[in-house]
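The working numbering numbers the first residue of the sequence shown as 418 and each following residue consecutively.
We put the beta carbon where it would ideally sit given N, CA and C, even for glycine.
These notes concern the structure reproduced below.
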Amino acid sequence: MKKSIFYIILSFAIISTFTACNDDDPTAKPEIKILELGEGSSHGNDHTAYIGGELHIEVEVVAQGKIDKIQVRLHPEGEHHGESGDHDEWELDKTFTKFSGLKNTTFHEHIDIATTAEPGEYHFDFIVTDMEGNQSSAEADVILKAKN
Ligand SMILES: [Zn+2]
Numbered sequence: 418m419k420k421s422i423f424y425i426i427l428s429f430a431i432i433s434t435f436t437a438c439n440d441d442d443p444t445a446k447p448e449i450k451i452l453e454l455g456e457g458s459s460h461g462n463d464h465t466a467y468i469g470g471e472l473h474i475e476v477e478v479v480a481q482g483k484i485d486k487i488q489v490r491l492h493p494e495g496e497h498h499g500e501s502g503d504h505d506e507w508e509l510d511k512t513f514t515k516f517s518g519l520k521n522t523t524f525h526e527h528i529d530i531a532t533t534a535e536p537g538e539y540h541f542d543f544i545v546t547d548m549e550g551n552q553s554s555a556e557a558d559v560i561l562k563a564k565n
């Protein structure tokens with residue numbers, strides 16, 4: 418008799434442990450995989466775009482906590498945190514909310530490269546925030562060239 422009560426208590430303990438685990442289980446952070454980055458008109462993947470043209474971006478996103486917003490940034494290399502005095506250089510910071518609520522998507526967008534952008538090395542950031550506030554980012558180097 419005593420033994421069976423012990424087993425009942427034990428099984429309750431196991432069940433409540435599992436329940437607690439499920440409640441506390443954090444949602445996995447969004448996963449980001451940059452598939453392609455390149456020249457817009459040819460959907461290139463050589464991490465090069467032309468000034469006055471477009472940058473083709475194709476990125477696979479999986480977000481267990483559902484996508485809230487996606488941010489795309491492109492800024493000149495070596496211009497981190499405004500350490501240089503020149504703030505007139507072209508850079509891009511765009512937020513996409515049209516993927517809101519999706520658990521996964523293939524992000525395929527083209528971004529205009531302004532004619533005022535300086536040629537050179539740029540840093541590309543792709544930031545995904547899910548509806549639970551988890552954030553992941555991926556980065557890559559992009560070269561902007563003057564059109565011939
Ligand atoms: Zn494209």
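DSSP places I530 in no beta strand (DSSP E); its state is neither H nor E. Here H525 is exposed. Its C-beta has fewer than 16 other C-beta atoms within 10 Å.
Shortest gap from the CB of E475 to any heavy atom of ligand 1: under 7 Å.
I560 carries a strand assignment under DSSP once its states are collapsed to helix, strand and coil.
Apart from sequence neighbours up to five positions away, the residues of its chain that approach T444 with a beta-carbon distance below 8 Å are Q481, G482, D547, E549, N551, ordered along the chain.
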